[in-house]
Amino acid sequence: MDDWTGRVLGILTLTPYDYWRRAHNEHHASAGNLDERGVGDITTLTVSEYRNLTPRGQLGYRLYQNPFVMFGIGPAFLFLLKQRLPFGMMRSGALPWVSTMATNVAVTVLTALLIWSVGIIPFLLIHLPIVLIAGSAGVWLFYVQHQFEDTHWSRPPVWAFPYAAMHGASHYDLPRPLRWVSGNIGMHHIHHLSSRVPFYRLPEVLRDHPELADVGRISIRDSLACVKLVLWDEKRQRLISFREAKMA
Numbered sequence: 000m001d002d003w004t005g006r007v008l009g010i011l012t013l014t015p016y017d018y019w020r021r022a023h024n025e026h027h028a029s030a031g032n033l034d035e036r037g038v039g040d041i042t043t044l045t046v047s048e049y050r051n052l053t054p055r056g057q058l059g060y061r062l063y064q065n066p067f068v069m070f071g072i073g074p075a076f077l078f079l080l081k082q083r084l085p086f087g088m089m090r091s092g093a094l095p096w097v098s099t100m101a102t103n104v105a106v107t108v109l110t111a112l113l114i115w116s117v118g119i120i121p122f123l124l125i126h127l128p129i130v131l132i133a134g135s136a137g138v139w140l141f142y143v144q145h146q147f148e149d150t151h152w153s154r155p156p157v158w159a160f161p162y163a164a165m166h167g168a169s170h171y172d173l174p175r176p177l178r179w180v181s182g183n184i185g186m187h188h189i190h191h192l193s194s195r196v197p198f199y200r201l202p203e204v205l206r207d208h209p210e211l212a213d214v215g216r217i218s219i220r221d222s223l224a225c226v227k228l229v230l231w232d233e234k235r236q237r238l239i240s241f242r243e244a245k246m247a
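Right under this line is the structure:
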């Protein structure tokens, strides 16, 4: 029942459920592991990796990390294009592709019905901004939940799931109304440590274990500085800016 609820909601959010579930599970299993980057995360290079790129490669990475691209163009690309064709998800079966194609058909039918009902111009004027704004908000939340200064990245055998889960995800301490709107997703470190805890019970975990409240805690004001943190410094064990990398 939960899976089918997810599939129906996936139509409304332009997110193929089984594709998203597999990518999300891989993200949880490898978060903070420098040797397992690339699925369900923000592409993050180490300082040495960035320096070893060609000038063209460095320019491409700078453009990728540009806030306008990351929170403007990126979400539109993700929800309108990338999630329509989940390349790289066939390794463990065809379900993500089947889910994606079924979602695409359902989205197409629903879109056609809405356009038939209200017309294409009203549909685009109302629905497209909703998709773009919601997508940008979602990418922002995901970004600050992992791209904060004191996050954790390491390589095996140093990398360990419990530590990476707790210290590689932030506690985005949002005001109560925003906690409700976002489903308590700001308590992301707890979610990574035990993803089976329902989001509506995450506040109870903080209540019963108050020592977790300050682990990876960032405020809205703190989060604004996260956009400049784009490279992992393996020596200093923290995220740094392009400017810091240049001065090092």
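Just so we're aligned, residue 0 is where the sequence shown starts under numbering that gives the first Met the number 0, counting upward by one.
No residue lacks a Cβ here, since even glycine has one placed at the ideal position from N, Cα and C.
Residue burial classification, residue i (beta-carbon count within 10 angstroms, cutoff 16)
i, result
"LEU58", "exposed"
"THR14", "buried"
"TRP19", "buried"
"TRP158", "buried"
"GLY37", "exposed"
"LEU223", "exposed"
"HIS166", "buried"
"LEU201", "buried"
"THR43", "buried"
Reference residue i, options the options, closest by Cα
i, options, result
"LEU211", "HIS188, SER193 and PHE198", "HIS188"
"ARG242", "ALA75, VAL46 and ALA22", "VAL46"
"HIS190", "ALA28, ARG6, ARG21 and TRP152", "ALA28"
"LYS81", "MET100, ASN65 and LEU205", "MET100"
"VAL7", "ARG206, ILE120 and VAL104", "VAL104"
"GLN236", "HIS208, ASP149 and LEU112", "ASP149"
"ASP213", "PRO85, MET186 and GLY5", "MET186"
"TYR142", "ASP2, ILE114, VAL68 and LEU127", "VAL68"
"SER194", "LEU11, MET246 and GLU25", "GLU25"
"GLN144", "CYS225, THR4 and ASP1", "CYS225"
Same chain, Cβ closer than 7 Å to residue i, neighbours up to 5 away in sequence not counted
i, result
"ASP17", "LEU94, PRO95 and SER98"
"ASP34", "ARG154 and PRO155"
"LEU52", "TYR60"
"ARG178", "GLY185"
Other residues of its chain near residue i: CB distance less than 8 Å, five sequence neighbours each side excluded
i, result
"TYR49", "GLN57, TYR60, LEU230 and ALA244"
"PRO74", "LEU131, GLY134, SER135, GLY137 and VAL138"
"LEU77", "GLY134 and VAL138"
"ILE83", "The question names Ile, but residue 83 is Arg in the sequence shown. Answer for ARG83: THR99 and ASN103, listed in chain order."
Distance between residue j and residue i (C-alpha atoms, nearest Å)
i, j, result
"ARG216", "ARG175", "15 Å"
"PRO155", "LEU124", "49 Å"
"LEU192", "PHE160", "8 Å"
"ILE120", "LEU79", "18 Å"
"PRO54", "ASN65", "16 Å"
"ASP221", "LEU127", "30 Å"
"GLN146", "ILE41", "8 Å"
"LYS227", "ILE184", "22 Å"
"ALA247", "ALA30", "26 Å"
"GLU233", "PRO209", "30 Å"
"VAL196", "HIS151", "22 Å"
"SER240", "ALA164", "23 Å"
"GLY118", "THR12", "21 Å"
"PHE86", "ASP2", "22 Å"
"ALA111", "ASP207", "49 Å"
Neighbourhood of residue i by C-beta distance below 6 Å, restricted to the same chain and skipping five residues each side
i, result
"ASP172", "ARG216 and SER218"
"ASN32", "TRP158"
"VAL204", "ILE189"
Distance between beta carbons of residue j and residue i, contact taken as under 8 Å
i, j, result
"SER181", "LEU140", "6 Å"
"GLY9", "THR102", "5 Å"
"LEU113", "PHE122", "5 Å"
Any non-hydrogen atom of the ligand GDP closer than 6 Å to residue i Cβ
i, result
"GLY31", "No copy of the ligand GDP occurs in the structure displayed, which carries no ligand at all."
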